[in-house]
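Remarks on the structure that follows.
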Amino acid sequence: MAGIDVGGHGGKRATNHEIPLIPFIDFLLCLVAFLLVTAVWSQMARLNADARVPGPPKDEPPEEIKKEKQLHVEMRGDRKFQLIWKEGNTVVNTIDLDKKQVPIGDKGDYRYPDLAKKISEEWNSNGSHRAPTDTKLDQAVLHTDNSTPFSDIVAVIDAIYTPKRDFTFGGKTDKVPSFNVTFSVN
Amino acid sequence: MSEKPLSRFHQPIAVPGRRLLHHVPLKFVRKKVAGGGQRSVNQEIPLIPFIDFLLCIVLFLLASFSASGELPIDKNVKLPNAENVMDMTDAPMVAITGTHILVDGNPAGSTRAIEESNRMQRVDELFNVLKNKRELWKQLNPAKEFPGVVVLQVDRRVQALVVKSVFQTAAFAGYPNVSFMVGRLPKTE
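Residue numbers (numbering that gives the first Met the number 0), protein chains in the order written: chain R, 0 to 185; chain G, 0 to 188.
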């Protein structure tokens, strides 16, 4: 057992004290058991999307919205994706891409690595918001069929979020997705 | 003629063994002080490294402790998985299971009307529930700006039409930052 020896003789009370280690260990074991029982081992996460609806009215005059290039991802049809860069209503560039699903795991998940690669290349050559201090993100608009299953939508959003860029906020730099995704209502 | 001492190679071989305190003539004293030639049966358990180990476990578990508990996931919802994800946030949870819509576990409408009409439309019940939640939040936090975040818990088989309708309903109820709850896939390079 652990003890503290500080000497001490000559008819005085003993100054050697035993630290009660056994109750301390019992306490620690109880604490470990409690924390293990209440621990949450969650693998849940989220994919962000922006609805881009107007906010509540403000007293200040609205900011002038600059026309920027937006990447429209068309996932209509079973065979192809179409990536369209638009500036306002003007089509700047159109790229067709085969729809190649790559299954992942045994739960029926799949990815589109070719789409992710192409979107990364497109952002590298056409992305507008690259500076770490730029608080805005490039906009991607997702067009889907009404019958597309949600798992397919998630696979495409995941591909759109593949390119990352530095983002400095409050003196701290993090990697964030280069695009912000929104849905097309049409 | 003096006798020449034996070299060390010619000395009789001594039996190896313990020497210390073995010369004591009294047998019972010798046995006590020399330990009887056996190893001591009293063993010290190394408690200090054990306590260090326990403290490390406690610190790790405390660091990963979540006071808010587990995220409520409906049993009928099978979530898709994704790689490029963000950590979960504390926000109202809208679950779509089959034809039911739940907000934080409470019923808030049905998707049947959307499926039957086959066109995007606002889910009025969901709109009202979310609007009330937003107003309550604003009353409780008058000085803060409303974050407008809502998390959608959508089954992987649900059609895009339903997802888009719920998405727009949430946006018009004052929650423009919509997140989709997914499982986390390990990163592939």
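Idealized CB from N, CA, C, for every residue including glycine.
Check                                                                                                                          : Outcome
Buried versus exposed call for Gly170 of chain R [16 or more other C-beta atoms within 10 Å across all chains shown]           : exposed
Extent of the continuous alpha helix (DSSP H) run through Glu121 of chain R                                                    : 112-125
Collapsed DSSP secondary structure at Asp123 of chain G in the structure displayed                                             : helix
Touching by the beta-carbon criterion (3+ pairs, under 8 Å), the stretch 126-135 of chain R and the stretch 157-166 of chain R : yes
Three-state secondary structure (DSSP) of Glu134 of chain G                                                                    : helix
C-alpha distance - Glu134 of chain G paired with Ala172 of chain G, whole-angstrom precision                                   : 10 Å
Euclidean distance between Cα positions of Lys186 of chain G and Ala142 of chain G                                             : 40 Å
Residue range of the alpha helix (DSSP H) that includes Arg129 of chain R                                                      : Per DSSP, Arg129 of chain R belongs to no alpha helix (DSSP H) and is neither H nor E.
Cβ separation of Val140 of chain R and Thr181 of chain R, assumed to be a contact under 8 Å, to the nearest whole Å            : 6 Å
Amino acids of chain G, ordered along the chain, whose beta-carbon sits closer than 8 Å to that of Val31 of chain R            : Leu53, Ile56, Val57, Leu60
Chain G contacts from the stretch 141-157 of chain R (Cβ-Cβ distance under 9 Å)                                                : Thr143, Asp144, Asn145, Ser146, Thr147, Pro148, Phe149, Ser150, Asp151, Ile152, Val153, Ala154, Ile156, Asp157
Alpha-carbon spacing of Lys68 of chain R relative to Gly87 of chain R, whole angstroms                                         : 7 Å
Runs of beta strand (DSSP E) lying entirely within the stretch 21-102 of chain G, each at least 3 residues, in chain order     : 92-96, 99-102
Segment limits, alpha helix (DSSP H) that includes Ala48 of chain R                                                            : First-last for Ala48 of chain R: 43-49, but that is the beta strand (DSSP E), not the alpha helix (DSSP H).
Met0 of chain G to Ile12 of chain G span [Cα, whole Å]                                                                         : Residue placement at Met0 of chain G is flagged as unreliable, the pLDDT there being 48, under the threshold of 50; a coordinate-derived value is accordingly withheld.
Closest Cα partner of Met180 of chain G within the set G:Phe64, G:Val165, G:Val150                                             : G:Val150
C-beta contact flag for Val201 of chain G and Phe149 of chain R at 8 Å                                                         : The question about residue 201 of chain G has no answer, for chain G in this structure spans 0 to 188.
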